[in-house]
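Report on one structure; see the data block that follows.
Protein chains: 2
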Amino acid sequence: MVQASTRQQIVNGMDDSPRGKLLSAAARLFRDQGFDRTTVRDIAREVGIQSGSLFHHFPTKEDILFAVMVEVIRFNTERLRAAIAGKADPAEQLRALIRAELQSIIGDTREAMSVLVYEWRCLTPGHQQETLALRAIYEQLWMDALEALRRAGRLQADAFITRRLITGMTSWSSNWFDAHGSLTIDQLTDIILDRVIGEHGA
Amino acid sequence: MVQASTRQQIVNGMDDSPRGKLLSAAARLFRDQGFDRTTVRDIAREVGIQSGSLFHHFPTKEDILFAVMVEVIRFNTERLRAAIAGKADPAEQLRALIRAELQSIIGDTREAMSVLVYEWRCLTPGHQQETLALRAIYEQLWMDALEALRRAGRLQADAFITRRLITGMTSWSSNWFDAHGSLTIDQLTDIILDRVIGEHGA
DNA sequence: CGCTACCAAGCAAGCGCTTGGTTTGTAAAG
DNA sequence: CTTTACAAACCAAGCGCTTGCTTGGTAGCG
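Line by line, the protein sequences are chains D and X.
Here the first sequence stands for residues 712 to 913, where the numbers follow the working numbering.
Here the second sequence stands for residues 712 to 913, where the numbers follow the working numbering.
Written as structure tokens, this is what we have:
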């Protein structure tokens, strides 16, 4: 009993309701085994119920995947918003954005974020569209900061390409970053930031 | 008829033998639908045979995936070797490596490369080990060049971290690079190169 | 003759999901 | 404090279908 009973325990961006625990368990299984290799019996066993009982919470298995993705996008969009709130300097905004995204990918929501990247095509086309709309909001926060940085003369490269290179660097970090290693998230943040607004040659 | 009939047509790094065509078709299906969602009947239909006949070429479906990965790693390791052959300047070597890797990821072997990244965990543990051994050879070519760059005083950052950031930028490009767009592979190569050996602040 | 490549048919297992009924938590009514 | 009511959560069983793979036999070719 390490948590105060009056506070919610947030794991993978989900609360501790039956639904939240189910989604958190599903997120971990989806990441470890992939969506297709994870059976509804696996998920049920993980939360201690029968497989059929899952369908009182979600109409289909795919809806569980969709719910995981929606929750984690919403949670991390809020994290992004909070990170830049009150910061006027675009370079400081960018640092905050990189740090927040790394926190998403290799920190507390890492399991669900991995699912977001790797299990995208397991969604129905309709759910893909809905997810895209949510991601567009997230991406707009990035683009606003990068465009501001350009207007301030501190970014020479194209903002879209810059964002894509950052996405590559941050998302790939889930495959190698060791939370128990000597490199901290703050250090990695500065290294990546330096690749973006360091002094580059022509 | 753009290919001379006496020359092999290389697609996804595979030749035009029955086995090669089977692997190439499998690579495309695996990328489009994922390994698990692709049935042996899908693959068989694609090459125009019965599903059972696949098992005269490969003992299991997973062996097809493994063969795809082995072929594409071998092919692209050779491409990397050829790219740096005869180049003495480590910066030019690095440019050649980045260009070759982009060619793998968004060029002629893009389907099989995507499979390599996304379907990794569908391999048996034994096959994962074998694949890792092959990738280690590929990565060593990168590390040799980056360490040479460091010794030449043209790379301040840690070589391992640098390689990982490059891997992120190149591998993510498969998700956005448009072969028919205005940005060329050579231009992207220079942009990425600049993130690595541009003049960075402390 | 023998070898490679293939077909036609189908098996056993595992899959997502359904069904009908039971337990559990909650809260107003008596 | 007990009773009644009711919905949410869950169980036990299993259906219908798809899956990877097997089997026994055949066509074409040197």
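C-beta: ideal position from N, C-alpha, C; glycine also.
The beta carbon of D:Leu791 is closer than 7 Å to those of Leu808, Ala811, Tyr849, Leu852 in its chain, skipping five residues each way along the sequence.
Within the same chain, and ignoring the five residues on either side of X:Val781 in sequence, the residues whose Cβ sits closer than 8 Å to its Cβ are Glu841, Thr842, Leu845.
Residues of the region 736 to 748 of chain D with a Cβ closer than 9 Å to any Cβ of chain X, in chain order: Asp743, Gln744, Gly745, Phe746, Asp747, Arg748. X:Tyr829 reaches chain D at Tyr829, counting residues in chain order whose Cβ is nearer than 7 Å. Of all alpha-carbon atoms in X:Ile903, X:Leu857, X:Gly864, the one lying nearest the alpha-carbon of D:Thr873 is that of X:Ile903. Contact annotation: in the region 867 to 879 of chain X, residues whose CB is within less than 7 Å of a CB in chain D are Ala868, Ile872, Arg875, Leu876, Thr878, Gly879. CA-to-CA, the gap between D:Gln814 and X:Pro729 works out to about 47 Å.
Close to D:Ile902, with beta-carbon spacing below 7 Å, are these residues of chain X in chain order: Ala868, Ile872. Neighbourhood of X:Ser882 in chain D, by CB distance below 8 Å: Gly879, Trp883, in chain order. Pairing X:Arg739 with X:Glu830 gives a Cβ-Cβ distance that is not under 9 Å. At a cut-off of 4 residues, the continuous stretches assigned as alpha helix (DSSP H) that sit fully inside the region 761 to 810 of chain X are 772 to 795.
X:Asp743: member of the alpha helix (DSSP H) spanning 729 to 744, first to last residue.
Rounded to the nearest whole angstrom, the CA to CA distance from X:Gly797 to X:Phe769 is 39 Å. Excluding residues up to 5 positions away in sequence, Ile754, Ile775, Val779 lie with their Cβ nearer than 7 Å to the Cβ of X:Ala737 in the same chain. In the three-state DSSP reduction, X:Leu843 falls in the helix class (H, G or I).
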